[in-house]
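Engineer: I am attaching a structure below and will ask some questions about it afterwards.
What follows is the structure, given as structure tokens:
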């Protein structure tokens, strides 16, 4: 029987608008040979008076990272956190809700995700072929991108 190993390979955090956010931590930790944990900390310096939108893209590596299956735009993060009305985002958010303080609005000034391991159970809800992937999350308001988080992971098989 073929099974899969899944792990994080890289994480990139970019604060495009330095007056909106500042990433104080954005890194992966090797816990064991095949176990990688991710920790992120982001300070919200100035919460805008208008809704902050979020875009989540699942990308697959094929001569660079190309869009794969999901490209979801959520016009208001707080509205989403209240209604939980998109299945793909639900799978992602629910996978780290116990390791994070991102669960309801108003959001705290410091958003964090601590010691998060790749959720293997996510593959039961969203089966993916073996390969290298990226989950790109873009946060914007006023029609401009303000912050970007790129999480890279790999799915490999073993027998």
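Residue numbers (my numbering): -17 to 141. Cβ atoms here follow ideal geometry from the backbone N, Cα and C, with glycine treated the same way.
#1: Does DSSP classify residue 32 as helix, strand or coil?
#2: Candidates -4, 44, 47 and 33: which alpha carbon is nearest residue 24's?
#3: Where do the ends of the alpha helix (DSSP H) carrying residue 93 lie?
#4: If you check the beta carbons only, do residue 49 and residue 39 fall under 8 angstroms apart?
#5: Alpha carbon to alpha carbon, how far is residue 137 from residue 46? Give it in angstroms, no decimals.
#6: For residue 121, name the three-state secondary structure that DSSP assigns.
#7: May I ask which residues mark the beginning and end of the beta strand (DSSP E) holding residue 14?
#8: For the alpha helix (DSSP H) that contains residue 45, what are its first and last residues?
#9: Mark residue 27 as exposed unless 16 or more other C-beta atoms lie within 10 angstroms of its C-beta, in which case mark it buried.
#10: Do residue 99 and residue 19 count as a contact pair if the criterion is CB distance below 8 angstroms?
#11: From what residue to what residue does the beta strand (DSSP E) around residue 26 run?
#12: State buried or exposed for residue 51, treating a residue as buried only when at least 16 other CB atoms are found within 10 Å of its CB.
Structural biologist: So, to answer that:
#1: Looking at residue 32 - three-state DSSP - the assignment turns out to be coil, as it is neither helix nor strand.
#2: Here the closest residue by C-alpha is -4.
#3: It is not in any alpha helix (DSSP H) - residue 93 instead sits in the beta strand (DSSP E) that spans 92 to 99.
#4: The answer is yes: Cβ separation under 8 angstroms.
#5: So the alpha carbons of these two residues sit roughly 17 angstroms apart.
#6: Residue 121: strand per DSSP, three-state reduction.
#7: Its beta strand (DSSP E) spans residues 3 to 14.
#8: First-last for residue 45: undefined, no H or E at that position.
#9: Classified as exposed, residue 27 has fewer than 16 neighbouring CB atoms from the shown chains inside 10 Å of its CB.
#10: Remark: C-beta atoms of residue 19 and residue 99 approach each other more closely than 8 angstroms.
#11: 17 to 26 is the extent of the beta strand (DSSP E) around residue 26.
#12: Around the CB of residue 51, fewer than 16 other CB atoms lie within 10 Å, so the residue is classed as exposed.
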